[in-house]
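> Just dropping this structure here.
In my numbering, the protein residues as written are 3 to 521.
Below is the structure:
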């Protein structure tokens with residue numbers, strides 16, 4: 003405990019600062035009590051007093067004060083300014099007690115002092131910046147507690163930021179005062195933090211409706227003519243092909259080499275075009291065997307015509323692949339998901355397919371990639387009831403063609419399906435029930451390929467037999483719409499499930515009428 007008498011008033015004046023000196027200049031103790039907040043202390047009583055940080059209070063006692071003792075001088079400072087008046091100054095956040103004795107050493111009373119934040123200034127600033135918000139402000143040791151109810155998350159966040167700025171300002175002011183009062187600057191104690199207990203009123207659950215509508219049209223026209231012919235004669239042969247062919251090499255057997263003597267008999271050489279003979283080693287190739295002409299296999303995948311002509315010297319084969327296809331694909335997905343404001347929600351309707359990944363020591367691991375209709379969104383409800391949405395929507399499909407992958411250092415091959423994906427992401431701001439197009443796509447592809455026999459393929463009518471042509475056209479239309487709603491829970495009985503109307507078929511429904519459900 004620290005004792006202070008009336009004789010120590012001059013030293014205390016220097017500690018109280020210029021503010022106390024200006025107050026003393028007003029004159030009598032009655033005028034001082036009118037200018038500052040004061041509290042009455044009956045003789046022999048103990049009272050509680052809350053003093054704002056860096057502000058003061060006046061205590062009026064019944065008997066002239068002779069001696070004062072402060073429990074923690076770093077928290078509060080007390081100065082006797084008159085026989086029956088005491089000046090209490092808050093210096094730091096915390097609690098302490100002050101005891102008073104009369105000039106006859108009689109205990110007058112005690113004050114339990116709690117130095118708190120100056121909440122009046124903060125309350126006024128919040129009322130000025132956020133009118134209509136029922137936000138309460140409290141002081142808890144070195145922290146500020148915000149409670150009550152706000153109309154939106156934006157208003158609650160603004161109140162927290164204002165309180166944090168207020169704390170930072172107090173920290174700077176406290177550091178400045180401690181530096182002025184001491185030749186050695188001390189590091190100030192932290193002023194705590196802002197504790198947010200504000201409840202956000204209204205509907206703060208957001209339900210997002212997403213509509214994904216896609217139409218894909220494909221038109222294919224194909225005319226592919228494949229023919230081969232060969233004409234054999236006494237002196238040679240000739241022919242033509244549309245669709246490719248091979249001419250294998252001639253190989254002589256190694257047992258009987260031409261031009262060698264076997265058992266005293268000369269094996270005659272081989273007569274080649276030109277009338278000369280050649281002696282060739284065993285298994286050696288000799289020219290392309292034109293007589294062994296091998297055309298590639300002709301095929302008709304779906305529809306077409308074919309024919310052939312054959313006599314002793316002439317062969318002609320023809321296969322015409324003619325097709326016309328019209329394909330139509332429709333995708334309509336309407337996922338709906340609900341989450342709290344400020345919380346992310348995800349939705350996926352699809353599956354996963356494996357992808358081989360080469361690892362160390364020739365090992366191969368498998369990873370899975372998702373596909374289907376996926377939605378990820380993060381909603382934030384604003385003060386005026388509008389909804390800020392961060393949305394990411396993706397639509398992916400597996401196509402029939404696959405890729406064959408062989409990882410490095412591995413002898414195994416893996417078939418991986420191809421993936422076609424359409425995705426869109428963005429940030430929009432809508433009111434409850436409004437709809438906005440997040441993305442739109444109009445894609446028109448045209449691919450035309452013509453392969454023809456030089457010269458003959460350009461002939462009218464008959465030229466179709468000497469060329470192959472394919473025409474492919476694709477059109478895709480895609481629209482993604484988003485509609486947010488402020489959601490509230492409903493009674494269980496008002497919810498209709500997709501399975502509510504389903505009834506299992508009876509024996510007569512299933513066996514006689516062929517029904518899979520009871521009508």
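Backbone N, C-alpha and C define an ideal beta-carbon position, used for all residues, glycine too.
Would you mind working out which of 304, 451 and 214 sits nearest residue 483, comparing C-alpha positions?
214
> Buried or exposed: where does residue 42 fall if 16 or more other Cβ atoms within 10 Å of its Cβ makes it buried?
exposed
> Indicate whether the contact test is met: 3 or more Cβ pairs, each with one atom in the segment 452-463 and one in the segment 194-210, closer than 8 Å.
no
> Between the segment 327-334 and the segment 211-230, can you find at least three pairs of beta-carbon atoms closer than 8 Å?
yes
> Below 8 Å on the Cβ atoms is my contact criterion, and I expect residue 295 with residue 232 to pass it. Report the Cβ-Cβ distance as a whole number of Å.
5 Å
> Just to confirm my understanding: we take residue 67, look at its own chain, exclude 5 residues before and 5 after, and list those with CB closer than 6 Å. What are they?
For residue 67, where only same-chain residues beyond five positions count, the Cβ hits under 6 Å are 82 and 102.
> Between which residues of its own chain and residue 443 is the CB-CB distance below 6 Å, once the five residues before and five after are set aside?
480
> Looking at the unbroken beta strand (DSSP E) that takes in residue 334, where does it start and where does it end?
316-335
> Go ahead and pull the three-state DSSP assignment for residue 300.
coil
> Per the DSSP calculation, residue 147 is bridged to which residue(s)?
140 and 197
> Please check the pair residue 370 and residue 354, which I expect to be a contact at CB under 8 Å, by giving their CB distance rounded to whole angstroms.
4 Å
> Indicate the three-state DSSP secondary structure (helix, strand or coil) for residue 510 in the structure shown.
helix
> Which of the three DSSP states, helix, strand or coil, is assigned to residue 487?
Strand.
> Check the DSSP bridge columns for residue 99 and list the partner residues they point to.
114
> Note the first and the last residue of the continuous alpha helix (DSSP H) segment covering residue 1.
The displayed coordinates of the chain run from 3 to 521. Any statement about residue 1 would go beyond what the structure contains.
> Three or more beta-carbon pairs under 8 Å between the segment 445-452 and the segment 464-478, yes or no?
yes
> Taking residue 455 as part of the beta strand (DSSP E), name the residues at either end of that continuous run.
Where residue 455 is concerned, there is no enclosing beta strand (DSSP E), given that its DSSP letter is neither H nor E.
> Relative to the C-alpha of residue 96, which residue among 85, 108, 79 and 89 is closest?
79
> At which residue ranges does the segment 221-255 contain complete beta strand (DSSP E) runs of 3 or more residues, listed in the order of the chain?
239-244 and 251-253
> Ordered along the chain, which non-local residues of its own chain (more than five positions away) have a Cβ less than 6 Å from that of residue 467?
So the list reads 227, once near-sequence residues are dropped.
> Taking the straight line between their C-alpha atoms, what separation do you get for residue 126 and residue 428?
39 Å
> Does DSSP put residue 501 in a helix, in a strand, or in coil?
coil
> Here's the rule I'm using: 16 or more other beta-carbon atoms within 10 Å means buried, otherwise exposed. How should residue 359 be labelled?
Label assigned to residue 359: exposed.
> For residue 317, collect the residues of the same chain with a Cβ closer than 7 Å to its Cβ; drop the 5 residues on either side in sequence, then sort them by chain order.
Closer than 7 Å at Cβ, skipping near neighbours: 231 and 232.
> With DSSP as the reference, label residue 517 as helix, strand or coil.
It is coil, neither helix nor strand.
> Going by C-alpha to C-alpha distance, which of 357, 161, 242 and 336 sits closest to residue 349?
It is 336.
> In the DSSP assignment, the beta strand (DSSP E) including residue 312 goes from what residue to what residue?
Residue range 306-312 is occupied by the beta strand (DSSP E) that includes residue 312.
> Under 8 Å between the Cβ atoms of residue 368 and residue 356?
yes
> Which residue comes first and which comes last in the beta strand (DSSP E) that contains residue 79?
78-84
> Mind checking who residue 442 pairs with in its DSSP beta bridge?
481
> Residue 169: which of 145, 504, 332 and 113 sits nearest, CA to CA?
145
> Rounded to whole angstroms, what is the Cα-Cα separation between residue 50 and residue 106?
Linking residue 50 to residue 106 through their CA atoms gives a straight-line distance of about 25 Å.
> Considering only C-alpha positions, which residue in the set 104, 108 and 70 is nearest to residue 90?
70
> The beta strand (DSSP E) that contains residue 53, what's its start and end?
47-54
> DSSP three-state label for residue 154, please.
coil
> Considering only the alpha carbon of each residue, which of 520, 504, 505 and 503 lies closest to residue 511?
520
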